[in-house]
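Trainee: Number 544 in this note's numbering belongs to position 541 of the sequence shown; there are no gaps in the numbering. Glycine included, each C-beta is placed from N, C-alpha and C at the ideal position. Sharing a structure, written as structure tokens. Questions coming.
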Amino acid sequence: MSLVKIYDPLAWMESMKGPAWENILIKENLHFDTAIQALGSIDPILKKFTVKTKMLENVFECNSIRLTPYGHDYKWSFSGEKTVREAATVYSEGIKAWAVEGAKTGKETYTITCYSKDLILWSSGKPIGPFLVVSNNLCYVLETTSELRYGRLVCIDADTGKGRKVIFIEPSRSNNLSLVRGENGCVFLVSNNSGKQALYHVDGTKVERLGSDGVSFFPVGYVSTTTREPNFFMRKADLRAYWTPVGRALRAYMLPKALLQHGIEYFSFGVGVLIVSAAGYRTFYGCHPSTAPTKIHEVLASIQVEPWPQGDHLTVAVKAPGAEPSVYTIEKGELKKKEGAVYARASHHETMAADGMPVPYVIVKGKGRTKGLFVYVYGSYGISTPLSTERWKPYLDDGWAVVFALVRGSGDFGDAWAEAARRSNKHKTVIDTEAVIYAAQAFSGISWRQTCLYGRSAGGYTVGSLVSKYGRGGLIGAAYMEVPYVDGLRTMTNPKLPLTVLEYDEFGNPADRIEDLASVLQVSPVDSLPAEGAPAVFVLNRTSLNDREVLPYESVKWITRLRGFPDQTMGAEEKYLAITSGHGHFVKGSLDDQQRAEDFLLLNAWLFNSLV
């Protein structure tokens with residue numbers, strides 16, 4: 004592949020420095036701000052985005068602390084205390100709490116602090132990842148070995164923060180580490196490379212490889228506090244294999260093969276429950292040794308299980324499409340539901356991709372006539388599609404139907420579904436999305452001109468690919484993209500970027516494999532976009548200057564190319580890029596509310612043809 008030379012006339016943007024770069028930032032934000040100001044005050048819209056449900060407030064408990072889900076993080080406080088803190092993860096024993104906290108720069112750097120009520124007992128400024136396990140008076144964290152790479156497992160004294168000891172170093176640059184606190188104090192270390200994993204048992208300062216013939220794992224833990232045998236599920240040799248229970252205690256459960264095919268979301272000896280997922284549905288089973296599992300409940304929803312369940316009690320936050328969040332509690336095999344109000348109707352469907360693969364999708368419709376179609380896609384890293392419509396409720400209230408595309412590349416059918424759209428097969432995520440859009444349009448009676456496709460981060464790869472393919476119209480009329488990954492060829496051939504080497508097995512290594520090069524050139528938005536850009540597609544794009552996952556120059560390149568490069572074409576003015584300073588891959592709080600309100604105002608104006 005050394006004979007292949009890449010020429011990109013916009014490569015100068017990658018330094019993100021100099022007067023020309025600064026002028027572009029000013030120009031793009033001015034273009035966006037002018038459009039927003041022309042539409043009037045956002046205050047009435049903003050109210051729709053600042054109303055938050057209290058159903059999940061302090062929904063989880065861990066000894067002396069209460070936790071509220073907050074995006075990918077938690078807000079937490081000691082019981083009876085008013086001080087509320089934010090953490091990527093937090094754990095408590097007795098009157099102490101250990102919190103992994105992110106820097107306020109948005110660059111995804113973390114440190115650990117040990118609290119006792121309002122007192123800080125100790126803290127460490129050493130950069131770590133967003134993982135934490137405390138067990139047997141040892142605090143385990145993953146130190147960063149390079150930006151966004153967590154490659155070194157260390158343990159420290161949980162009481163004093165002293166006695167740091169390195170107990171494992173990941174040798175491969177292609178793998179990232181994560182920590183799992185299993186049941187009854189069992190500590191697991193997972194090494195992951197785009198779905199293919201290695202599992203380790205951490206016992207004190209000893210680290211032992213488990214299931215050497217496995218390629219994917221779901222850690223469970225010890226059956227009791229007096230045993231030291233780790234139990235886990237694994238797929239042997241192939242990601243298409245069924246889950247195999249490993250460990251004497253786990254093998255005693257009579258789990259039928261049908262439950263061991265797709266995704267396992269939770270298993271507990273103490274609670275006696277197994278939760279599996281497939282095609283957007285979460286199914287709860289009561290499980291006990293030597294007896295067949297019994298189905299307790301099934302729901303079309305995303306779920307979040309409490310991070311540190313204890314004993315025979317489990318709390319689950321349930322986010323169903325078209326409803327406020329619900330809270331399920333399971334105790335002694337009995338499930339109780341505290342359900343949120345329903346405000347829209349969700350229905351499950353299936354269509355056929357161009358290669359004959361059945362692809363599921365979910366349509367959510369509010370009251371009244373449907374005026375526009377809003378399609379959500381992600382489809383990467385084996386992550387299940389989030390079905391919550393909390394963020395999209397204002398859209399539903401205003402006549403949009405929201406569609407969730409459960410495409411290959413996601414975790415919506417387990418590991419094999421994710422693996423089916425990796426590397427040179429990444430186009431399968433695109434053709435699945437294309438099929439879902441056509442099917443949803445036919446079902447809803449909505450034209451492509453009133454269809455908006457949304458993707459965030461890696462979801463932007465699919466959205467951008469379809470914008471490039473249908474830049475003259477015919478599939479979608481608008482694209483809404485947040486911190487999108489769009490510059491595939493330059494990113495995947497630059498190993499100096501934080502995530503490139505870690506993602507060779509997700510998006511391909513075009514410098515090493517000819518089939519991966521062909522795939523990137525076919526799918527990558529920037530690389531597959533015609534010179535005329537996308538004259539018939541309205542595009543709204545957001546990025547942040549401190550984003551280290553998807554660097555902001557990608558969005559700047561993308562918006563420049565979308566308008567036609569080097570010569571702008573018709574529709575160039577309907578390409579908007581908003582650039583946020585001081586934040587990274589995620590924006591939170593009141594600024595997040597404001598940005599969502601602005602975007603809603605702009606997209607609604609596009610839908611109802613009122614842009615001025």
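Please say whether F236 and I278 have beta carbons closer to each other than 8 Å?
Mentor: Working through the sequence shown from its first residue, we reach residue 278 at position 275. Working through the sequence shown from its first residue, we reach residue 236 at position 233. Cβ distance not < 8 Å, so I278 and F236 don't count as in contact.
Trainee: In the structure shown, what three-state DSSP assignment does T92 receive?
Mentor: To locate residue 92, count along the sequence shown from 1; it is residue 89. Residue state, collapsed to three classes: strand.
Trainee: Do the CB positions of L548 and Y579 come within less than 8 Å of each other?
Mentor: Counted from its first residue, the sequence shown places residue 548 at position 545. Counted from its first residue, the sequence shown places residue 579 at position 576. Against a cut-off of 8 Å, the Cβ pair of Y579 and L548 comes out as no contact.
Trainee: Could you tell me if R285 is buried or exposed, where buried requires 16 or more neighbouring beta carbons within 10 angstroms of its beta carbon?
Mentor: Reading the sequence shown from its first residue, position 282 is the one you call residue 285. Flag for R285 reads buried.
Trainee: Sort out for me which residues DSSP pairs Q313 with in a bridge.
Mentor: Position 310 of the sequence shown, counted from the first residue, corresponds to residue 313. In DSSP, Q313 forms a bridge with H316.
Trainee: Check whether the region 392-403 touches the region 310-326, taking contact to mean three or more Cβ pairs, one atom from each stretch, closer than 8 Å.
Mentor: Yes, they touch.
Trainee: I399 to V321, Cα distance in whole Å?
Mentor: Counting from one through the sequence shown, the residue named residue 399 turns up at place 396. Counting from one through the sequence shown, the residue named residue 321 turns up at place 318. Reading off the sequence, residue 399 comes out as Leu, not Ile. L399 and V321: Cα-Cα distance of roughly 19 Å.
Trainee: Can you name the start and end residues of the beta strand (DSSP E) that V406 belongs to?
Mentor: Against the sequence shown, residue 406 aligns to sequence position 403. V406 -> beta strand (DSSP E) spans 403-408.
Trainee: Using the rule of at least 16 other Cβ atoms within 10 Å of the residue's Cβ for burial, across every protein chain shown, is W420 buried or exposed?
Mentor: The residue you call residue 420 lines up with position 417 of the sequence shown. By the 10 Å Cβ count, W420 comes out buried.
Trainee: Between which two residues does the alpha helix (DSSP H) carrying W676 extend?
Mentor: Given that the chain is displayed from residue 4 to residue 615, the structure contains no residue 676 and the question cannot be resolved.
Trainee: Alpha carbon to alpha carbon, how far is G273 from K247? Give it in angstroms, no decimals.
Mentor: Along the sequence shown, one-based indexing puts residue 247 at 244. Along the sequence shown, one-based indexing puts residue 273 at 270. One detail in the question is off: residue 247 reads as Thr in this sequence, not Lys. Their Cα atoms are separated by approximately 20 Å.
Trainee: Looking at the structure shown, is K14 part of a helix, part of a strand, or coil, going by DSSP?
Mentor: Within the sequence shown, numbered from 1, the residue matching residue 14 stands at position 11. Note on identity: in this sequence residue 14 is Ala, with Lys being the wrong assignment. Three-state result, A14: helix.
Trainee: If you run the structure through DSSP and keep just helix, strand and coil, what is H430?
Mentor: Here the question's residue 430 lines up with position 427 in the sequence shown. H430 falls in the helix class under three-state DSSP.
Trainee: How about the region 496-503 and the region 539-548: do they share at least three Cβ pairs that are nearer than 8 Å?
Mentor: No: the two stretches stay apart, fewer than three of their Cβ pairs being nearer than 8 Å.
Trainee: Can you give me the start and stop residues for the alpha helix (DSSP H) that P487 sits inside?
Mentor: Position 484 of the sequence shown, counted from the first residue, corresponds to residue 487. No alpha helix (DSSP H) holds P487; DSSP gives it neither H nor E.
Trainee: Going by DSSP, what residue range makes up the beta strand (DSSP E) through S67?
Mentor: Numbered from its first residue, the sequence shown carries residue 67 at position 64. Neither: S67 is in no beta strand (DSSP E) and is coded neither H nor E.
Trainee: Could you tell me the distance, in whole angstroms, from the CA atom of V103 to the CA atom of S450?
Mentor: Position 100 of the sequence shown, counted from the first residue, corresponds to residue 103. Position 447 of the sequence shown, counted from the first residue, corresponds to residue 450. Cα to Cα, V103 sits roughly 47 Å from S450.
Trainee: Count the other C-beta atoms from every protein chain shown that fall within 10 angstroms of the C-beta of N187, then say buried if there are 16 or more, exposed otherwise.
Mentor: Indexing the sequence shown from 1 puts residue 187 at position 184. It is buried - the Cβ of N187 has at least 16 other Cβ atoms within 10 Å.
Trainee: Please work out which residues of its chain come closer than 8 Å, Cβ to Cβ, to I68, disregarding the five sequence neighbours upstream and downstream, and give them in chain order.
Mentor: One-based indexing of the sequence shown puts residue 68 at position 65. Only W79, S80, F81, S82, V93, S95, A100 meet the Cβ criterion.
Trainee: Check for me: the beta strand (DSSP E) holding R152 runs from which residue to which?
Mentor: Translated into positions along the sequence shown, residue 152 becomes position 149. Here the beta strand (DSSP E) through R152 covers 152-160.
Trainee: Mind pulling the alpha helix (DSSP H) runs of 4 or more residues that sit fully within the region 477-553?
Mentor: Here the runs fully enclosed are 491-495, 507-510, 517-526, 528-531.
Trainee: Tell me whether V615 sits in a helix, a strand or coil according to DSSP, three-state version.
Mentor: Stepping through the sequence shown from its first residue, residue 615 is reached at position 612. Residue confidence is low: V615 scores 46 on pLDDT, short of 50, so the model does not pin down where it sits. Its coordinate-derived value is still stated next. Correct three-state label for V615: coil.
Trainee: Residues in its own chain within less than 7 Å of V615 by CB, not counting five upstream and five downstream?
Mentor: The residue given as residue 615 occupies position 612 in the sequence shown. Bear in mind that a pLDDT of 46 at V615, under 50, signals an unreliable position, so the model cannot answer this.
Trainee: Nearest to P533 by CA position, among L469, S447, K8, L59, is which residue?
Mentor: Taking the first residue of the sequence shown as position 1, residue 533 is located at position 530. Out of L469, S447, K8, L59, L469 has the C-alpha closest to the C-alpha of P533.
Trainee: From this set, T228, S460, V276, which residue's C-alpha is nearest D315's C-alpha?
Mentor: Taking the first residue of the sequence shown as 1, we reach residue 315 at position 312. Comparing Cα-Cα distances from D315 to each of T228, S460, V276, the minimum goes to V276.
Trainee: I need the boundaries of the alpha helix (DSSP H) containing E601, first residue and last residue.
Mentor: Locating residue 601 in the sequence shown gives position 598, where the first residue counts as 1. Run containing E601: 592-610, per the alpha helix (DSSP H) assignment.
Trainee: Can you look up T388 in the DSSP assignment and give me helix, strand or coil?
Mentor: Counting from one through the sequence shown, the residue named residue 388 turns up at place 385. In the structure shown, T388 sits in coil (DSSP, three-state: anything other than H, G, I, E or B).
Trainee: Once you ignore the five residues that flank V433 on each side, which residues in its own chain have a CB closer than 7 Å to its CB?
Mentor: Along the sequence shown, one-based indexing puts residue 433 at 430. Taken in chain order, the residues that qualify are T465, S468, L469, V526.
Trainee: Please confirm whether Y441 and V406 have their CB atoms less than 8 Å apart.
Mentor: Within the sequence shown, the letter at position 438 stands for residue 441. Within the sequence shown, the letter at position 403 stands for residue 406. Their beta carbons are not under 8 Å apart, which means Y441 does not touch V406 by this criterion.
Trainee: Comparing C-alpha positions only, which one of Y384, V439, G402 sits nearest to L409?
Mentor: Start at 1 with the first residue of the sequence shown, and residue 409 comes out as number 406. The option with the nearest alpha carbon to L409 is V439.
Trainee: Could you name the residues of the same chain whose beta carbon sits closer than 8 Å to that of E301, not counting the 5 residues immediately before and after it, in chain order?
Mentor: As a first step, residue 301 is located in the sequence shown; it is residue number 298 there, counting from the start. Correct list, in chain order: Y284, R285, T286, F287.
Trainee: So, do the region 172-185 and the region 142-159 have three or more beta carbon pairs nearer to each other than 8 Å?
Mentor: Cβ pair count under 8 Å is three or more, so yes.
Trainee: Alpha carbon to alpha carbon, how far is D160 from S126? Give it in angstroms, no decimals.
Mentor: Translated into the one-based positions of the sequence shown, residue 126 becomes position 123. Translated into the one-based positions of the sequence shown, residue 160 becomes position 157. Their backbone Cα atoms lie some 12 Å apart in a straight line.
Trainee: Are the CB atoms of A600 and L262 within a distance shorter than 8 Å?
Mentor: The residue labelled residue 262 in the question sits at position 259 within the sequence shown. The residue labelled residue 600 in the question sits at position 597 within the sequence shown. Against a cut-off of 8 Å, the Cβ pair of A600 and L262 comes out as no contact.
Trainee: Taking the beta carbon of T163 as the centre, do at least 16 other beta carbons fall within 10 Å, making it buried, or is it exposed?
Mentor: Taking the first residue of the sequence shown as position 1, residue 163 is located at position 160. Flag for T163 reads exposed.
Trainee: With distances taken from CA atoms, which of D530, G474, S271, Q597 is nearest T572?
Mentor: Residue numbering aside, residue 572 sits at position 569 when the sequence shown is read from its first letter. The shortest Cα separation from T572 among D530, G474, S271, Q597 belongs to G474.
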